[in-house]
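Student:
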Amino acid sequence: MDLSLLRDIRPLIIEDESDAMNSMFSIFDTVFDIFYTASNGEEGLYRFYKDTPDVIITDLQMPFMSGFRMLDRIRMENKNIPIIVTSAHGHKEHVEKADDLNVNAYLIKPYDMNILFEKIYECCYINTLSKIDLDQFTV
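Heads up: the sequence shown at position 2 corresponds to 230 in the numbering used here, and the numbers run straight through without jumps.
#1: Which partner residues of T286 appear in the DSSP bridge assignment?
#2: Looking only at C-alpha atoms, which of Q289, S294 and N306 sits nearest to V283?
#3: Are the beta-carbon atoms belonging to G318 and M298 less than 8 angstroms from one another?
#4: Considering only residues of the same chain and omitting the five flanking positions on each side of L335, which have a CB-CB separation below 6 angstroms?
#5: In this structure, what does DSSP give as the bridge partners for A333?
#6: Helix, strand or coil: which one does DSSP assign to L357?
#7: In three-state DSSP terms, what is T258?
#8: Assign Y339 to one of three DSSP states: helix, strand, or coil.
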């Protein structure tokens, strides 16, 4: 995948494990012009409101506010923002709850960063292009 296609996307990464966040930060810094970070669900919710990202990439098990609770609040405000869950847990209940929250992708850690980048591309470009309302245009 040509990573330059992702340059203008503004992702929000929510990850409480510092090693994982540092690794993502290093990689994202070379791919995206602008990206935001948060270390727990509470901070992630604040960054969602403050920074209006294009896509959310979040863990589920976090201190202060779980990823699911944060996603519930985000979905109350914005039903369409793309969300990618990255979790060490692939429990059926977690996957089903993520599906109920209209999560675009669920990646189980450890995952390949190229797959994450492909999911970001799909969420932000391919899926949004198919949702364009052609009735808004006149000929």
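Beta carbons: idealized from backbone N, C-alpha and C, even for Gly.
Being a predicted model, the structure only gives us computed values, none of them experimental.
Tutor: Based on what the coordinates show:
#1: I242 and V313
#2: N306
#3: With respect to the 8 angstroms criterion, G318 and M298 are not classified as neighbours on the basis of their beta carbons.
#4: Short of 6 angstroms from the beta carbon of L335, and not among the five residues preceding or following it, lie these beta carbons of its own chain, in chain order: T314.
#5: I312
#6: The predicted model places L357 with a pLDDT of 46, which falls under 50 and marks its position as unreliable; any figure quoted below should be read in that light. Here L357 sits in helix by DSSP.
#7: helix
#8: coil
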